[in-house]
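Engineer: Chains as they are written, first to last, in full-length UniProt numbering: chain H, 1 to 348; chain L, 1 to 348. Glycine residues also receive a C-beta, built at the ideal position from the N, C-alpha and C atoms.
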Amino acid sequence: MADAKVIPFGDEPRSKRRAKRPARGGRTGRAAAPLAPVPPQRDEAQQASAPLEGGGEQAAAAPRQEQAEGGWDRKLAHGLNFLRRRITGEYEVDDFGYDKELTDQVVLSLLRPFKEKYFRVEVKGIENIPDKGAALIVANHSGTLPVDGLMLQVAVHDHHPAARHVRMLAADLVFVLPLINELSRKLGHTLACAEDAQKLLERGEVVGVMPEGFKGIGKPFSERYKLQRFGRGGFVSTALRAGAPIVPCSIVGAEEIYPMLGNSKTLARLLGFPYFPLTPTFPWLGPLGVVPLPTKWTIQFGEPIPTDGYPPEAADDPMLMFNLTDQVRETIQHTLYKLLVQRRSVFF
Amino acid sequence: MGRVVLVTGVARQLGGRFVRRIQREPDVDRVIGVDAVPPAHRLGGAEFVRADIRHPTIGKVLAEHAVDTVVHMDVNGTPLGKRGSRATVKETNVIGTMQLLGACQKTPSVKRLVVKSSTSVYGSAPRDPAVFTETTPPKSLPGGGFAKDAVEVEGYVRGFARRRPDVAVCVLRFANILGPCADSPLAEYFSLPVLPTVLGFDPRLQFVHEEDAIEVLRIATGEPVRGTLNSGTFNIAGDGVLLLSQAARRLGRPTLPFFLPTVTWVGSALRSVGVLDFSPEQIRLLTHGRVVQTTQMRETLGFQPRYTTAEAFADFARSRGAGLLPPETLARTVDRIAALMPAGRGQN
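1) Going by C-alpha to C-alpha distance, which of A192/H, N81/H, G216/H, K215/H sits closest to V207/H?
2) How about the region 247–254 of chain L and the region 185–198 of chain L: do they share at least three Cβ pairs that are nearer than 8 Å?
3) Leaving aside the five residues before and after E202/H along the sequence, list all residues of the same chain whose C-beta is less than 6 Å from its C-beta, in chain order.
4) Checking contacts by CB at 8 Å: is F201/L closer than that to chain H?
5) Is there a Cβ of chain H sitting closer than 8 Å to that of M341/L, yes or no?
6) Would you decide whether M319/H is buried or exposed? Buried here means 16 or more other CB atoms lie within 10 Å of its CB.
7) Buried or exposed: which applies to H55/L, given that a residue is buried once 16 or more other Cβ atoms fall within 10 Å of its Cβ?
8) Can you give me the start and stop residues for the beta strand (DSSP E) that N230/L sits inside?
9) Could you compute how far the alpha carbon of P22/H sits from the alpha carbon of A163/H?
10) Is it buried or exposed for W297/H, if we count other Cβ within 10 angstroms and need 16 for buried?
11) Along chain L, in chain order, which residues have C-beta atoms closer than 8 Å to that of R203/H?
12) Taking C-beta pairs closer than 9 Å, name the residues in chain H that V334/L reaches, listed in chain order.
13) In the DSSP assignment, find the alpha helix (DSSP H) that holds S237/H and state where it starts and stops.
14) How should T295/L be labelled, buried or exposed, when 16 other C-beta atoms within 10 angstroms of its C-beta is the threshold for buried?
15) Under the DSSP definition of a beta bridge, which residues are partnered with S250/H?
16) Per DSSP, I137/H forms a beta bridge with which residues?
17) Anything in chain H within Cβ reach of V121/L, meaning under 8 Å, just list it in chain order.
18) Closest to F301/H by C-alpha separation, out of D95/H, L152/H, K75/H, S142/H, would be which residue?
19) Can you pull out the residues from the region 166–184 of chain H whose beta carbon lies closer than 8 Å to at least one beta carbon of chain L?
20) What does the alpha-carbon distance come out to for the pair D68/L and G267/L?
21) What does DSSP give as the partner residues of R173/L in its beta bridges?
22) Taking the C-alpha atoms as reference points, what is the distance between E66/H and I217/H?
23) Could you tell me whether the Cβ of P26/L comes closer than 8 Å to any Cβ of chain H?
24) Taking only beta-carbon positions, decide if E101/H is within less than 8 Å of chain L.
25) For A60/H and G71/H, I'd like the C-alpha separation in whole angstroms.
26) Between F207/L and F313/L, is the Cβ-Cβ spacing less than 8 Å?
27) Does the CB of F96/H have a neighbour CB from chain L at under 8 Å?
28) Consult DSSP for T144/H and reduce its assignment to one of helix, strand or coil.
Put into structure tokens, the structure is as follows:
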């Protein structure tokens, strides 16, 4: 079953890649030949494209060509409308600084090629995330840079039938760094603290957390796919207080994007970072070293663990916390091993 | 017998407006306005007593007029007029509050105390939760300036509430007050032709409209309506959030980003030429932003602001006139481009 899914994914990108390039150039305003089949524009073709994504590529190509002329008009008008709203400031952000419009129309569109073409993310078990209401996605963390969090966000948005937005919880370092904090807030991320997580869950959002934190993302390559300690299990009590189900999530492939062979503690201390990675390419090749390896990813969501059956005081019961934390951790670890066994190679 | 209300800080715009408003309350007999300098605006039928709250004379005023409600609004970030120094303001804030509270404690007729505080008591730090509630302890206590004054003032007020449990004490933590008459440092900042910002940070801001501020002060001053409670500490802010970039666009003023280390220099340079009183805490606010939760205000205090953050800002923007890049002009330009484009013709 897993193989059957992998094969079409492997050769699909190439055909798609050829199709997309001319479209890209035209989109920036050159209004060049609308010859190539235009891939559906995400923002407006959201509903239309989601079911097409899998197999209907050829079937959809013909009508799309006919629509191309009108589609361009629409897209341009849409783009100008978007520009108009942006430059006049007429858009909404929520209390956490989440800019839905910018996320949907710009940032996710920029991240999508990475998800679809570069890492070829395969998503399994998306139905475990509820269509409505709060849920807490708990995922493993790896890869030196938090690319896995971004890919998780894009993957859930693109694959979930309700196109849900995951509100990731990020480390405090993110909110200290200029530009990164700005982008992170606009993408809907917030500080990983119980207050923020609880508020988001109470609003019925899907919240994503990677409880391993820096221990997970900054672990050496030799320890890949070995889950680190899950913090103090604070995420469990937050989920219990909000009565939100916990969805375990295992991400395979992110470990190998930047194989961290060494860690320069001196540089890390100088820069105030928790670790300073030394990979085969970074920092030796300079900016080239920041290019991640094009590994093949799988994101698997597990069965949700309900938390609404507990009495209110359960959130303060340390034994229950440890048990639930262990249950989530074990589930993720076992799924990781299972996925690793199924994986044919790191890159395909 | 009606109530006798004493209001401090009436020489300021907000204090003057509040005095004029509170006289119209049916159960208010007399209003006494107190300030160290005579107000430039009219106080209606209120009596003005020129007294410095830093001196014990304030106790005599309280006893003489048998005051039962004290509204302490003389907690300010900036000196009144151009001449005052920061040291005087601090002294009025801290020593003035101490004297006033001491006088209140000695005056048995005082039954209600309302203090105008500020949400700056929460500070602004990247490691804080995104939304503050009344009980959130600040991660980094404000190190100086108005925020520290406000923290100290609140400390004295808590002490007073312990010593005089028979007095109903209400502390209102206002977000930045904006409106057509606003004379706060933030209003001055938004009146600059080009807004200096911090590179890579887009703070979330919240505003209260002046009218809402006066209305909530009125609610806190009177007897509580059935089902509400008007003693305690409340965050006061309009609904919603504006990002600084968004605010600048709506105002039509271009922004000029500076690196965080240089911003302090720019701030002190602007301050020394007298263009703008830009304190380090203002810079922190414009770096990390601050958002408070207003559930207590709605549910316990029973106050629904008439203006959202965006509406309060729009009202302020109207009073300030057009900036260098008025949003209407930009919108028209985009519309014109849209009309020129062959694609846009059918749409607009």
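Structural biologist: So, from the listed chains and residues:
1) A192/H
2) yes
3) A242
4) yes
5) yes
6) exposed
7) exposed
8) Where N230/L is concerned, there is no enclosing beta strand (DSSP E), given that its DSSP letter is neither H nor E.
9) Annotation note: pLDDT 42 at P22/H (below 50); position unreliable, no value reported.
10) buried
11) Neighbours of R203/H on chain L: none; closest Cβ ~11 Å, over 8 Å.
12) L80, N81, L83, R84, I87, T88
13) 234–242
14) exposed
15) Q300/H
16) G208/H, V247/H
17) Going along chain H, no residue has its Cβ under 8 Å from V121/L, so there is no contact; the nearest lies around 17 Å.
18) L152/H
19) D172, F175, V176, L177, P178, L179, I180, N181, E182
20) 43 Å
21) S117/L, N235/L
22) Any reading at E66/H is ruled out, since the residue's pLDDT is 49, under 50, leaving its predicted position unreliable.
23) no
24) no
25) Bear in mind that the predicted position of A60/H carries a pLDDT of just 44, short of 50, making it unreliable; the figure below should be weighed with that in mind. When rounded, the distance between both Cα atoms is 14 Å.
26) yes
27) yes
28) coil
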